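The listed protein sequences derive, respectively, from chains A and B. Count along the first sequence from 1, then add 38; that gives the number in the working numbering. Count along the second sequence from 1, then add 30; that gives the number in the working numbering. C-beta atoms are modelled at their ideal positions from N, C-alpha and C, and glycine is treated no differently. These numbers were taken from a predicted model, which means no experiment stands behind them.
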Amino acid sequence: MPEESRTIWERSYDRKGFIAISAMTAFLAACGGDDDGGAGGEGAKTTTGAMEKVGGTLHYYNWADYVNPKTYPAFTKATGVKVKKDFFVSNEDLQAKLQAGATGYDLAAPTGYMVKILNEAGKLEKIDWSKLPNAEKNIDPKFRKLPFDPNDEVSVAKDWGTTGYVYRTDLVKERPTSWRDFFDLAKGKYSKKVTLLDGAPEVIGSTLVMLGHSYNSEDEGELDQAKKELLELKPHILAITSTQYKQMVVAGRASIALGWNGDGAFVASKKPAEYVVAEEGGEFWVDSYVIPKGSRNPDAAHAWINFVYDPKNNATETEYTFYGSPVKRELIKPVIDPEVFKNTDVFPPTSQLEKLEANDISPKGTRLRDRIWTEFKAA
Amino acid sequence: MSVEASRLSLRRRRTVTAGAGGPRYPGWLALPATAWYAFFFLGPLGILAVFSVSRREGYTDIVYSFTLENFRYLWDPLYGDVFLRTFGLALFGTAATLLVGFPFAYYLARYARRKTLLLLLVIIPFWTSFLIRTYAWLIILSPDFPIFRALRDAGITSEDFSLLYTREAIYIGVVYNYLPLMVLPLYAALERMDWSLVEAAEDLGDTPFTAFRRVTLPLVLPGVVAGSLLVFIPLTGEYLIPVILGGDLTVFAGNLIAQQFVTARDWPFGAAIAMVVIGAMTIAILIYARLTAREVQYGG
């Protein structure tokens, strides 16, 4: 099991990974794509049985390596739909492509805040929940009506995760549990051994939460307090990076890093390390299924969403990506690998989740953060 | 007198080239270049100018209007510092590459035996992506690199000394990456030098230094100008070296612009910053060109 889970960990960190990896995956997918072709035979069995034959092709635009390779042939078998894959490396990458007028994608999986942006720009089709009986039945109500799509009109949750910090348990003697601990250790003993994500929302938001404010605050006074904390922290930061910190913590060049749970799990699979969701709270993000405007086969997109909302199929996904499942826990528990279910990085205790907030920053808040972020970096 | 003379000769030269003596080229030959320039330079520049006076509304929408709001927002000591720092970096990079590059180019043009080989060594780095070469410096600047380990073991540097993710790392990266851009035009100018002129000056009583100042320098000045511009201009937009080698701990104009376009999604503000950079650069270059042009005239 340890061996196997390590390979799973290694894959899971690709979500926010490098172009090279995504390009390679795209290449491999292109090579392997045709194998799925003829698998749409009659009488395919599904676990729910109620799977409708849809046919055609599903053009799926996604983060690299964010779907269990086993899911594609199973889906094709159940629905007769072939899957064509394409990958993006950041939400902004996806946004740029869709806003430049790219059409032909039937399904994509951006992060919540980008769902809102794309929706406001009129780039998304409506979701027809009557075609999603599995999702209707099995989704944890926590993942309905999320702030970025308050009426569940254009998105259905795919995966979720948190923003916290990872630290090396062998290099850090203390056992930090809060954002205050993180700041204190960074400004004290572990000065110049700490990295931050290159993201104004994550860094400023976590600081706001430490001060007892909302992650999404747009109150100038509160933001000013956060700025002061950050300016004090600045001289102790080793680097600001979203892509290199995993390797830096694994190599021991950094001891503590503000980051995402998938990356934390990656570090923990290589070295003694612990990922912390801070006591005060923090961000939880949700990547959601959306149907881009101009989709030629929205039925296939609905079929995919409905397919992966079968608890068994969803367990297969979670066992591969190691990101949280939006399916009700009591439904996924009996069908998922117990080792994965026990992993608190993947399934944090619900008590912890109640304090977390999703990114929902207003344009005004974005501009205020941008100035603070510039000042912080320039300090 | 001499100023007048050189002006005269310049004017005469111009009439010669523009006159009927030389071969005449049909004007349409310039069409591809002009079209390219209009489409890929003036076009985007115009779009940028329009964006810079527009407003952002909501998360991404650009509302076309005429407002100076973006420029007013830029009028802030914070952004002033960013521009000054950028100017400083560009100035440093130009001076440092000139200081390192000139003796090398001079040696290469005047004394070197294996010119082709040495020139090849200058060019070879271009065969690899800029990004990969910069990432390679992460390994060299790491505290685990043998040189730094040896220095540490010998007690010369302190236990936690590290160049990685410091301003010095940015400076090293800048000099390394931009050096060939300086060396090549310098070499091209020095290569055309008629060294017998220098010898003549020395025969007539100039010290080697005076001969260099009065003969060599004025003759290779166009190369110095070309090299300086090639280094200075892209440096004002440099943003990858500070991100990779500087740990993204400082902000230069390039980073500020990228931040607006990619993460803050405020294209009008990003466009305004870009316009200011372009404007400031144009002024700086005009002044520079003016100063060096005068130098040529008097020096000659």
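Query: Three-state secondary structure assigned by DSSP to His19 of chain A; Result: Only positions 39 to 417 of chain A appear in the structure, and residue 19 of chain A is not among them; the question remains open.
Query: Per-residue DSSP class, three states only, for Asp91 of chain B; Result: strand
Query: Interfacial residues, the stretch 82-112 of chain B to chain A, with Cβ spacing under 9 Å; Result: Arg86, Glu87, Gly88, Tyr89, Thr90, Asp91, Tyr103, Asp106, Leu108, Tyr109, Asp111 and Val112
Query: Residues that Tyr205 of chain A bridges to, as DSSP identifies them; Result: A:Ile294 and A:Glu312
Query: Where Thr95 of chain A falls: helix, strand or coil (DSSP); Result: strand
Query: Buried or exposed by the 16-neighbour rule on C-beta atoms within 10 Å, applied to Lys123 of chain A; Result: buried
Query: Through-space distance from Ala147 of chain A to Glu392 of chain A, alpha-carbon basis; Result: 24 Å
Query: Touching by the beta-carbon criterion (3+ pairs, under 8 Å), the stretch 288-300 of chain B and the stretch 134-153 of chain B; Result: no
Query: Pro336 of chain A versus Phe379 of chain A: straight-line alpha-carbon distance, rounded; Result: 33 Å
Query: DSSP bridge partner residues for Ser326 of chain A (one or two, in chain order); Result: A:Ala195
Query: Residue nearest to Pro387 of chain A in terms of C-alpha spacing, selected from A:Lys175, A:Ala396 and A:Val314; Result: A:Val314
Query: For Glu258 of chain A and Arg405 of chain A, the rounded distance between their alpha carbons; Result: 11 Å
Query: CB contact below 8 Å: Ala306 of chain A versus chain B; Result: no
Query: Candidates A:Gly94, A:Thr200 and A:Asp408, of which the one nearest Trp298 of chain A by Cα; Result: A:Thr200
Query: Simplified DSSP state of Leu321 of chain B, which is helix, strand or coil; Result: helix
Query: Short Cβ contact (8 Å threshold) for Ser258 of chain B with Thr116 of chain B; Result: no
Query: Length of the line joining the Cα atoms of Gly319 of chain A and Val384 of chain A; Result: 17 Å
Query: Contact with chain A by Val292 of chain B, beta-carbon distance below 8 Å; Result: yes
Query: Leu114 of chain B, buried or exposed, once every other Cβ within 10 Å from all chains shown has been counted against 16; Result: exposed
Query: Residues of its chain near Thr354 of chain A, where Cβ-Cβ distance is below 7 Å and the 5 sequence neighbours each way are ignored; Result: Asn106, Lys108 and Thr109
Query: Euclidean distance between Cα positions of Leu161 of chain B and Tyr201 of chain B; Result: 16 Å
Query: Buried or exposed by the 16-neighbour rule on C-beta atoms within 10 Å, applied to Ile177 of chain B; Result: exposed
Query: Reduced DSSP category for Gly70 of chain A - H, G, I as helix; E, B as strand; rest coil; Result: Summary for Gly70 of chain A: the model assigns pLDDT 39, below 50, so the residue's position carries little reliability, and this model does not support an answer.
Query: Close-in-space but distant-in-sequence residues of the same chain around Val204 of chain A (CB under 8 Å, 5 per side omitted); Result: Val287, Ile294, Ala295, Gly297, Asp301, Gly302, Val305, Ala306, Ala311, Glu312, Tyr313 and Val314
Query: For Ile169 of chain B, the first and last residue of its enclosing alpha helix (DSSP H); Result: Phe160 to Leu171
Query: C-beta neighbour in chain A for Thr280 of chain B, strict 8 Å; Result: yes
Query: Alpha helix (DSSP H) segments (min. 4 residues) lying fully within the stretch 175-203 of chain B; Result: 176-183
Query: Sequence-distant residues of the same chain with beta carbon closer than 6 Å to Asp219 of chain A, five excluded per side; Result: none
Query: Interface flag, Leu286 of chain B vs chain A, CB-CB below 8 Å; Result: yes
Query: Interface flag, Ile59 of chain A vs chain B, CB-CB below 8 Å; Result: At Ile59 of chain A the pLDDT is 38, less than 50, meaning the model places this residue with poor confidence; the figure from the coordinates comes in the next sentence. So, not an interface residue.
Query: Chain-ordered neighbours of Ala316 of chain A on chain B, where CB pairs are closer than 8 Å; Result: Going along chain B, no residue has its Cβ under 8 Å from Ala316 of chain A, so there is no contact; the nearest lies around 23 Å.
Query: Nearest-angstrom beta carbon gap, Asn344 of chain A and Asn172 of chain A [assumed within contact, 8 Å]; Result: 5 Å
Query: Residue-level contact to chain B via CB, Thr412 of chain A, 8 Å cutoff; Result: yes
Query: Cα-Cα separation, Ile165 of chain A to Leu184 of chain A; Result: 14 Å
Query: Near-chain B residues of the stretch 275-308 of chain A - C-beta to any C-beta below 9 Å; Result: Ile275, Leu276, Ala277, Ile278, Thr279, Gln282, Ala289 and Arg291
Query: is_contact[Leu406 of chain A, chain B] using C-beta, thresh 8 Å; Result: no
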